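One structure is given here, and the rest of the page talks about it.
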Amino acid sequence: QENKFQAIISHAKEYGFVFPSSEIYDGLSAVYDYGPNGCELKKNLRDYWWKSMTQLHENIVGVDAAIFMHPTTWKASGHVDNFSDPMIDNKDSQKRYRVDHLLEARADALREKGAEKEADALIAEMDRLLAAEDFVALKQLIADQQIVCAISGTGNWTDIRQFNLMFSTQLGSVAGEADTIYLRPETAQGIFVNFLNVQKTARMKIPFGIAQTGKAFRNEIVARQFIFRMREFEQMEMQFFIRPGTQKEWYNYWKETRLQWHLSLGIPAEKYRYHDHVKLAHYADAALDIEYEFPFGFKEVEGIHSRTDFDLKNHQEYSKKKQQYFDNDIDEATGKPYGNYIPYVIETSIGLDRMFLLILSQSYEEETLTKEDGTADSRVVMRIPAKIAPNKLAILPLVKKDGLPEIARELMNECKQHFKCFYEEKDAIGKRYRRQDAIGTPFCVTIDHQTKEDNTVTIRHRDSMLQERIPISKVKEIVQAAL
Ligand code: ATP
Numbered sequence: 005q006e007n008k009f010q011a012i013i014s015h016a017k018e019y020g021f022v023f024p025s026s027e028i029y030d031g032l033s034a035v036y037d038y039g040p041n042g043c044e045l046k047k048n049l050r051d052y053w054w055k056s057m058t059q060l061h062e063n064i065v066g067v068d069a070a071i072f073m074h075p076t077t078w079k080a081s082g083h084v085d086n087f088s089d090p091m092i093d094n095k096d097s098q099k100r101y102r103v104d105h106l107l108e109a110r111a112d113a114l115r116e117k118g119a120e121k122e123a124d125a126l127i128a129e130m131d132r133l134l135a136a137e138d139f140v141a142l143k144q145l146i147a148d149q150q151i152v153c154a155i156s157g158t159g160n161w162t163d164i165r166q167f168n169l170m171f172s173t174q175l176g177s178v179a180g181e182a183d184t185i186y187l188r189p190e191t192a193q194g195i196f197v198n199f200l201n202v203q204k205t206a207r208m209k210i211p212f213g214i215a216q217t218g219k220a221f222r223n224e225i226v227a228r229q230f231i232f233r234m235r236e237f238e239q240m241e242m243q244f245f246i247r248p249g250t251q252k253e254w255y256n257y258w259k260e261t262r263l264q265w266h267l268s269l270g271i272p273a274e275k276y277r278y279h280d281h282v283k284l285a286h287y288a289d290a291a292l293d294i295e296y297e298f299p300f301g302f303k304e305v306e307g308i309h310s311r312t313d314f315d316l317k318n319h320q321e322y323s324k325k326k327q328q329y330f331d332n333d334i335d336e337a338t339g340k341p342y343g344n345y346i347p348y349v350i351e352t353s354i355g356l357d358r359m360f361l362l363i364l365s366q367s368y369e370e371e372t373l374t375k376e377d378g379t380a381d382s383r384v385v386m387r388i389p390a391k392i393a394p395n396k397l398a399i400l401p402l403v404k405k406d407g408l409p410e411i412a413r414e415l416m417n418e419c420k421q422h423f424k425c426f427y428e429e430k431d432a433i434g435k436r437y438r439r440q441d442a443i444g445t446p447f448c449v450t451i452d453h454q455t456k457e458d459n460t461v462t463i464r465h466r467d468s469m470l471q472e473r474i475p476i477s478k479v480k481e482i483v484q485a486a487l
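End of the sequence shown = 487 in UniProt numbering, gap-free, step of one.
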């Protein structure tokens with residue numbers, strides 16, 4: 005599995021999905037750039053999420069808030085005081101680790117040795133101690149587990165301390181306390197501070213949601229595992245505003261609805277599981293992760309959080325501006341309208357880059373094949389769901405002459421109005437097919453000499469490698485049907 009993960013990382017670079025940031029300067033740790041195929045896939049994923057949220061739910065609308073926000077936002081949200089992780093330093097190697105990552109790595113190592121039960125017990129104990137913020141016992145747990153530093157090979161640890169994950173910078177020219185602003189560590193606060201603007205201008209009635217996609221920044225200490233944990237990443241978040249007391253029902257609704265979204269991409273259910281939080285974040289009364297089985301184990305891809313009225317209530321207190329909603333529906337218990345209240349919130353929060361990694365992990369396959377003459381062959385195929393694949397159709401004239409490119413161009417001009425196509429006339433056809441397999445193009449169409457006679461082409465299906473002869477006039481609708 006580790007080999008598969010390394011192969012995915014190399015493949016992502018070789019085929020223009022993901023590059024290390026500023027690579028000519030040897031990269032920047034935990035920061036990545038998306039190449040031509042990567043940015044298409046990422047955009048398609050974002051659009052797929054956006055459509056499912058805002059188009060298929062009539063009661064969800066969007067916002068696009070700025071990354072910079074008034075610094076008081078982060079006081080009110082609790083991020084200045086609470087957005088930190090317990091860290092521990094190894095004195096010999098002078099390396100810093102997140103306590104949970106260190107213990108998770110130890111649990112993974114135990115699992116590899118077949119000690120499943122011990123690993124589960126370790127994670128349960130870690131969750132318990134983190135929830136109790138018992139740093140002395142946690143340090144002892146690390147020592148007991150004989151977690152040794154990869155470099156120094158000793159277990160000489162400092163005490164555990166909290167480390168804030170927000171990046172800060174200065175607004176304007178004068179450096180000083182008052183001018184310190186933060187790069188947002190989550191997009192959610194841009195939704196909360198706009199709650200009334202959106203509710204009033206879009207004339208929304210509770211229950212309703214606000215969706216947003218955009219960059220977030222966290223000074224992650226242990227940044228490893230490629231684009232799984234980045235310092236600059238993109239989130240797709242939705243805050244669903246509800247009547248207090250209905251949070252259980254809506255929490256369950258979104259828990260189910262979001263899992264269905266993942267499954268709608270054709271990913272098998274057994275690759276997913278829910279993980280209920282034991283240690284709740286400072287704002288939540290219930291929380292769970294939707295986890296996917298990455299090549300390095302089951303890990304969070306999305307969080308569902310019941311955030312109560314924590315955020316709006318604090319913004320009301322800090323801003324001195326009422327953050328209330330007037331609900332004129334009748335409360336059956338009293339026979340009167342529900343009246344004014346600060347809404348409760350259910351949040352769904354998914355990392356776009358992490359979802360991208362999920363798609364790469366799920367799609368990548370090294371397939372062994374048998375050639376017609378019986379000899380062994382192989383291919384790398386990215387089984388990316390057609391609706392999010394970077395290119396939907398590759399149009400390939402068999403040779404660069406005899407009028408074939410002209411026919412191919414005509415088809416290209418027709419189809420590219422409707423979906424993303426790729427045109428190529430260089431190299432042997434087998435080689436061209438392999439390149440399309442490697443970037444996940446679901447269909448290839450080959451124009452050959454027979455096309456000139458009977459207006460038929462060969463369409464090749466990526467997953468089965470089956471080829472059929474079809475009228476050229478049918479190409480567009482076959483591809484569209486798969487989307
Ligand atoms: P983790 O425990 O992995 O640090 P988290 O619980 O802090 O994640 P949330 O604050 O719930 O994550 O953020 C919601 C989603 O944003 C996560 O499910 C994940 O997909 C994504 N995300 C969070 N941090 C990162 C990161 N550093 N890089 C990439 N994606 C991230």
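Virtual Cβ for every residue (Gly too), placed ideally from N, Cα, C. These figures come from a predicted structure and were not determined experimentally.
In DSSP terms, what residue i is bridged to
i	result
cysteine 448	Ala398 and Arg464
residue 505	A query on residue 505 cannot be resolved here, the shown segment of the chain reaching from 5 to 487 and no further.
methionine 240	Thr217 and Ile354
arginine 247	None, per the DSSP bridge assignment.
aspartate 293	His279 and Gly307
leucine 187	Phe72
isoleucine 334	Pro341
threonine 374	Ala380
glutamate 369	Val385
cysteine 425	Leu397
threonine 312	Val349
Test: residue i CB closer than 8 angstroms to a CB of chain D
i	result
isoleucine 231	The chain inventory of the structure shown lacks chain D, comprising one protein chain alone.
Residue i (DSSP reduced to helix, strand or coil)
i	result
threonine 162	coil
methionine 208	coil
serine 323	helix
glycine 218	strand
arginine 100	strand
valine 65	strand
isoleucine 474	strand
tyrosine 38	strand
phenylalanine 196	helix
aspartate 30	coil
glutamine 229	coil
glycine 434	helix
valine 483	helix
glutamate 89	One detail in the question is off: residue 89 reads as aspartate in this sequence, not glutamate. Aspartate 89 falls in the strand class under three-state DSSP.
valine 202	helix
phenylalanine 23	strand
tyrosine 287	coil
asparagine 459	coil
phenylalanine 167	strand
residue 515	Residue 515 is absent from the structure shown; the chain starts at 5 and stops at 487.
serine 172	strand
asparagine 94	strand
phenylalanine 302	strand
asparagine 7	helix
isoleucine 411	helix
asparagine 223	coil
serine 56	helix
arginine 50	helix
aspartate 441	helix
Contact under 8 angstroms by Cβ, residue i with residue j
i	j	result
serine 310	alanine 285	no
leucine 397	cysteine 419	yes
valine 385	aspartate 441	yes
histidine 266	tyrosine 276	yes
valine 483	phenylalanine 426	no
isoleucine 64	alanine 215	yes
isoleucine 185	phenylalanine 72	yes
valine 305	methionine 359	yes
phenylalanine 245	isoleucine 210	yes
methionine 234	tyrosine 36	yes
glycine 176	aspartate 183	yes
proline 248	tyrosine 329	no
isoleucine 231	leucine 362	no
glycine 213	methionine 242	yes
isoleucine 392	tyrosine 52	yes
residue 4	arginine 188	A query on residue 4 cannot be resolved here, the shown segment of the chain reaching from 5 to 487 and no further.
isoleucine 92	isoleucine 146	yes
Which ranges would you report for the alpha helix (DSSP H) in the stretch 101 to 137 if only whole runs of at least 4 residues count? 103 to 116 and 120 to 136
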